[in-house]
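Engineer:
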Amino acid sequence: MKNFHVAIVGAGVIGSSIAWELSKNDLDVVVFEKGSDVCSGTSKANSGVVHSGINSPVSSLKARFCVEGNKMIKPLSDSLGFSLKMIGKFVIAKNEYEAKIINNIKKIGQENGVPDLEIVDENEIKTKEPNISCYQALWVPTAGIISPYEFTIAFAENAAINNVNFLLNTNVKDLKKKDNNFEIKTNRGVFQSNILVNAAGLNCREIVSYLEEPDFNIYPCRGEYLVLDKEYSDLLTSMIYPVPPKELGVLGVHITPTIEGNILLGPSAEYINDSEDKRSTKKMMKTLLKEANEIIPIFPKKAVISAYSGIRCKLASPNEGGWADYRIEESKKTPGLINLLGIESPGLTAAPAIAKEVLRMISKSLKMRPKLNFETRNIRNINISEMSSKKKSDLIKKENRWGRIVCRCENITEAEIHKALNNPLKAQTLSAVKYRCRAGMGRCQGGFCTQHIVRIMEEDFNININEMNLKSANSKLFYGRTREKKND
-15 MKNFHVAIVG
-5 AGVIGSSIAW
5 ELSKNDLDVV
15 VFEKGSDVCS
25 GTSKANSGVV
35 HSGINSPVSS
45 LKARFCVEGN
55 KMIKPLSDSL
65 GFSLKMIGKF
75 VIAKNEYEAK
85 IINNIKKIGQ
95 ENGVPDLEIV
105 DENEIKTKEP
115 NISCYQALWV
125 PTAGIISPYE
135 FTIAFAENAA
145 INNVNFLLNT
155 NVKDLKKKDN
165 NFEIKTNRGV
175 FQSNILVNAA
185 GLNCREIVSY
195 LEEPDFNIYP
205 CRGEYLVLDK
215 EYSDLLTSMI
225 YPVPPKELGV
235 LGVHITPTIE
245 GNILLGPSAE
255 YINDSEDKRS
265 TKKMMKTLLK
275 EANEIIPIFP
285 KKAVISAYSG
295 IRCKLASPNE
305 GGWADYRIEE
315 SKKTPGLINL
325 LGIESPGLTA
335 APAIAKEVLR
345 MISKSLKMRP
355 KLNFETRNIR
365 NINISEMSSK
375 KKSDLIKKEN
385 RWGRIVCRCE
395 NITEAEIHKA
405 LNNPLKAQTL
415 SAVKYRCRAG
425 MGRCQGGFCT
435 QHIVRIMEED
445 FNININEMNL
455 KSANSKLFYG
465 RTREKKND
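Going by the numbering used here, the residue at position 165 of the sequence shown is 149; the numbering climbs one at a time, nothing skipped.
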């Protein structure tokens, strides 16, 4: 039975950022993740927006951690290497009534400490975003975009190189508190830990229920997105948000450029019963396209190349209005159990600030000694298409894998596939490759490159073709041969 100082359940952006903060100290830390990679749940399926703090009520935890996290993003990007673009956003008003609402949003933002907010008229908007139709808008310059999976992977891989143990494909099946330790039963054995951090997202109630009767419920809320081809990236340069709808505690369908050059439409908001129901529906696709067309009248309907959905972790039901503040607290009934409950938007932005807060909470129980050999590794990848001809030539001479394009849509080379599969977390699924180097994310959505990635996994990494997974252990790429091999 392996003993740890801290065990974290969940390797989304919250769990991974906490793991990274803890890795700066001489502690034995383990992260249990039921998926085949970090950022395999809610954390990857969002807009990738660095929020500023204009939408959360004054004095709420959402406002506090969003504003604090926003200030931390740029230094973290410089040190950890995830991509960041502070492109700003417009919250647009279609009429005088909505103009009053955005003025109120501005006041809330100012009270939360968000700087440089400005109300601009239609003419000013047109100079920056000529395709947008509106009456007025609130300009928010401190909003930006990141890649949510790159952000999470940067935390996790940096934690891993500093000796945090990430146990992927590991389900927590039961918990017991014995004396001053937690006994953690998983599908990979039993572990012990002094402190247990519940960062399980949509499954946070289940984790609590192993130890005590939960005093809260979780209400899954599905948000669907559409992804546009990069060909249409010049439609806008900033994020465009509508006035938030009154119901459901969400920000409404917005149009967002991504780090990779695509544009996202979404998310929708639909309460569901099954937290695993991540369907993309034709009905919602029509709704998203209709709402996008109201913002951009010239919106090209044939631009969509993909769709996906994510599930929000809500503490408030639709009958309660959908809005609830974060709960970040140590259990009064079970000392040492730190719960992070209802961490939805702006959770991506708030994550590094929340991690600092959890570190402070843990330091009350454990002595923190800074790690003398702590290492920071910049994960930034420069695509070969961005390199000079000389740099390309030098790389290819050094290693000919740089000269073999595997993904034509995104110009990803065999060398980059190798680097993705050699990650510190030992995540070796098709999705692990995709989220580390973008192979399979282009126009053809893996139609060309999948076969070549499979070949590399089989020939260079000795992964049995029958054991290759798309994502989880239950998503096999292959289930058998269509015909028998001929005997030699």
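Yeah, the Cβ is synthetic: ideal placement off N, Cα and C, and Gly gets one too.
Source: prediction; values computed, not measured.
Apart from the five residues on each side of it in sequence, which residues of its chain come closer than 7 Å, Cβ to Cβ, to residue 198?
Structural biologist: Taking the sequence shown and counting its residues from 1, one reaches residue 198 at position 214. Closer than 7 Å at the Cβ level, and outside the excluded window around residue 198, lie 189 and 192.
Engineer: Closest to residue 75 by CA distance: which of 59, 443, 49 and 235 is it?
Structural biologist: Here the question's residue 75 lines up with position 91 in the sequence shown. Cα-wise, what sits closest to residue 75 is 235.
Engineer: Taking just the CA atoms, how far does residue 239 sit from residue 250?
Structural biologist: Within the sequence shown, numbered from 1, the residue matching residue 250 stands at position 266. Within the sequence shown, numbered from 1, the residue matching residue 239 stands at position 255. So the alpha carbons of these two residues sit roughly 7 Å apart.
Engineer: At 4 residues or longer, what runs of the alpha helix (DSSP H) sit wholly inside the segment 306 to 391?
Structural biologist: Qualifying alpha helix (DSSP H) stretches, in chain order: 331 to 346 and 373 to 382.
Engineer: Assuming residue 259 contacts residue 186 (C-beta within less than 8 Å), just tell me the rounded distance between them.
Structural biologist: Against the sequence shown, residue 259 aligns to sequence position 275. Against the sequence shown, residue 186 aligns to sequence position 202. So it is a contact: roughly 5 Å between Cβ atoms.
Engineer: Checking 8 Å against the spacing of the C-beta atoms, do residue 128 and residue 56 come in under that value?
Structural biologist: Locating residue 128 in the sequence shown gives position 144, counting from the first residue. Locating residue 56 in the sequence shown gives position 72, counting from the first residue. For residue 128 and residue 56, no; Cβs fall outside 8 Å.
Engineer: Are residue 299 and residue 202 close, meaning C-beta to C-beta below 8 Å?
Structural biologist: Taking the sequence shown and counting its residues from 1, the one referred to as residue 299 is at position 315. Taking the sequence shown and counting its residues from 1, the one referred to as residue 202 is at position 218. In contact: residue 299 and residue 202 (Cβ atoms closer than 8 Å).
Engineer: Relative to the C-alpha of residue 28, which candidate in 48, 52, 328 and 397 has its C-alpha closest?
Structural biologist: On the sequence shown, residue 28 is found 44 positions in, with the first residue counted as 1. Residue 28 has its Cα closest to that of 328, out of 48, 52, 328 and 397.
Engineer: Please give me, in chain order, every unbroken run of the beta strand (DSSP E) with length at least 3 that falls completely inside the segment 432 to 467.
Structural biologist: With a minimum length of 3 residues, no continuous beta strand (DSSP E) run stays inside the segment 432 to 467.
Engineer: Could you pull out every unbroken alpha helix (DSSP H) segment of at least 4 residues lying fully inside the segment 12 to 74, listed in chain order?
Structural biologist: Listed in chain order, the complete alpha helix (DSSP H) runs (minimum 4 residues) inside the segment 12 to 74 are 45 to 64.
Engineer: Quick one: is residue 360 buried, meaning 16 or more other Cβ sit within 10 Å of its Cβ, or exposed?
Structural biologist: In the sequence shown, residue 360 corresponds to position 376, counting from 1. Looking at its Cβ environment, which holds fewer than 16 other Cβ atoms inside 10 Å, residue 360 is exposed.
Engineer: Is there contact here, the segment 215 to 231 with the segment 277 to 284, by at least three beta-carbon pairs under 8 Å?
Structural biologist: Output reads yes: the segment 277 to 284 touches the segment 215 to 231.
Engineer: Per DSSP, what are the beta-bridge partners of residue 9 in this structure?
Structural biologist: In the sequence shown, residue 9 corresponds to position 25, counting from 1. The partner list for residue 9 (beta bridge, DSSP) reads 354.
Engineer: Looking at the secondary structure, which residues open and close the alpha helix (DSSP H) in which residue 412 lies?
Structural biologist: Along the sequence shown, one-based indexing puts residue 412 at 428. Counting along the chain, residue 412 falls outside any alpha helix (DSSP H), and DSSP gives it neither H nor E.
Engineer: Is residue 125 helix, strand or coil when you go by DSSP?
Structural biologist: To locate residue 125, count along the sequence shown from 1; it is residue 141. If DSSP states are grouped into helix, strand and coil, residue 125 belongs with coil.
Engineer: Decide yes or no for the touch test of the segment 281 to 300 against the segment -1 to 13: beta carbon pairs closer than 8 Å, at least 3 of them.
Structural biologist: Short answer: they don't touch.
Engineer: Return the CA-CA distance between residue 369 and residue 174, expressed in angstroms with no decimal places.
Structural biologist: Residue 369 sits at position 385 when you count from the first residue of the sequence shown. Residue 174 sits at position 190 when you count from the first residue of the sequence shown. Answer to the nearest angstrom: the Cα atoms are 47 Å apart.
Engineer: If you check the beta carbons only, do residue 365 and residue 421 fall under 8 Å apart?
Structural biologist: The residue labelled residue 365 in the question sits at position 381 within the sequence shown. The residue labelled residue 421 in the question sits at position 437 within the sequence shown. Yes. Within cutoff.
Engineer: What residue range does the beta strand (DSSP E) around residue -7 cover?
Structural biologist: As a first step, residue -7 must be located in the sequence shown, where it is residue number 9. It spans -14 to -7 - the beta strand (DSSP E) in which residue -7 sits, taken as one unbroken run.
Engineer: For the pair the segment 345 to 361 and the segment 412 to 421, tell me if three or more CB-CB distances fall below 8 Å.
Structural biologist: Counting Cβ pairs under 8 Å, fewer than three are found: no touch.
Engineer: Grab me the residues of residue 207's own chain with a C-beta within less than 7 Å of its C-beta, minus the 5 sequence neighbours each way, in chain order.
Structural biologist: Mapped onto the sequence shown, residue 207 falls at position 223. The residues are 250, 251, 252, 253, 293, 294 and 296.
Engineer: Have a look at the DSSP bridge pairing and note the partners of residue 149.
Structural biologist: Translated into positions along the sequence shown, residue 149 becomes position 165. Bridge partners of residue 149: 14.
Engineer: Assuming residue 144 and residue 2 make a contact with CB atoms under 8 Å, what is their CB distance in whole Å?
Structural biologist: The count along the sequence shown starts at 1 and reaches residue 144 at position 160. The count along the sequence shown starts at 1 and reaches residue 2 at position 18. Not really, about 14 Å apart at Cβ, beyond 8 Å.
Engineer: Using only alpha-carbon positions, find the residue among 404, 356 and 303 that is nearest to residue 147.
Structural biologist: For the purposes of this step, residue 147 is identified with residue 163 of the sequence shown, where counting begins at 1. Answer by Cα proximity: 356.
Engineer: Does the distance from the CB of residue -8 to the CB of residue 181 come in under 8 Å?
Structural biologist: As a working note, residue -8 is residue 8 in the sequence shown. As a working note, residue 181 is residue 197 in the sequence shown. Cβ atoms of residue -8 and residue 181: closer than 8 Å.
Engineer: Hey, residue 346 and residue 51: beta-carbon distance below 8 Å or not?
Structural biologist: Residue 346 sits at position 362 when you count from the first residue of the sequence shown. Residue 51 sits at position 67 when you count from the first residue of the sequence shown. Cβ distance not < 8 Å, so residue 346 and residue 51 don't count as in contact.
Engineer: In the DSSP assignment, find the alpha helix (DSSP H) that holds residue 272 and state where it starts and stops.
Structural biologist: Here residue 272 corresponds to residue number 288 of the sequence shown, with the count starting at 1. That run of the alpha helix (DSSP H) goes 266 to 279.
Engineer: How would you label residue 426, buried or exposed, when you count the other beta carbons within 10 angstroms and need 16 or more for buried?
Structural biologist: The residue you call residue 426 lines up with position 442 of the sequence shown. Classification for residue 426: buried.
Engineer: Unbroken alpha helix (DSSP H) runs of length 4 or more, entirely within the segment 82 to 144: which are they?
Structural biologist: Fully enclosed alpha helix (DSSP H) runs of 4 or longer: 106 to 112.
Engineer: Pull up the distance between the alpha-carbon of residue 445 and that of residue 169, whole angstroms please.
Structural biologist: Translated into the one-based positions of the sequence shown, residue 445 becomes position 461. Translated into the one-based positions of the sequence shown, residue 169 becomes position 185. Each residue's Cα considered, the two are about 31 Å apart.
Engineer: Do the segment 368 to 386 and the segment 35 to 51 make contact, defined as three or more Cβ pairs closer than 8 Å?
Structural biologist: Touching, no, given that fewer than three Cβ pairs across the two stretches are closer than 8 Å.
Engineer: If the criterion is Cβ atoms closer than 8 Å, does the pair residue 112 and residue 101 meet it?
Structural biologist: Here residue 112 refers to the residue found at position 128 of the sequence shown. Here residue 101 refers to the residue found at position 117 of the sequence shown. Not closer than 8 Å, so no.
Engineer: How long is the line joining the alpha carbons of residue 53 and residue 463, rounded to whole angstroms?
Structural biologist: Along the sequence shown, one-based indexing puts residue 53 at 69. Along the sequence shown, one-based indexing puts residue 463 at 479. C-alpha separation (whole angstroms): 44 Å.
Engineer: Given a cut-off of 8 Å, decide if residue 25 and residue 138 are closer than it, judged by their beta-carbon atoms.
Structural biologist: For the purposes of this step, residue 138 is taken as the residue at position 154 of the sequence shown. For the purposes of this step, residue 25 is taken as the residue at position 41 of the sequence shown. Going by C-beta atoms, residue 138 is not nearer than 8 Å to residue 25.
Engineer: Taking the C-alpha atoms as reference points, what is the distance between residue 388 and residue 136?
Structural biologist: The residue given as residue 388 occupies position 404 in the sequence shown. The residue given as residue 136 occupies position 152 in the sequence shown. Distance between the alpha carbons of residue 388 and residue 136 is about 29 Å.
Engineer: With distances taken between CB atoms, is the gap from residue 32 to residue 130 smaller than 8 Å?
Structural biologist: Translated into positions along the sequence shown, residue 32 becomes position 48. Translated into positions along the sequence shown, residue 130 becomes position 146. Taking 8 Å as the Cβ cut-off, residue 32 and residue 130 qualify as a contacting pair.
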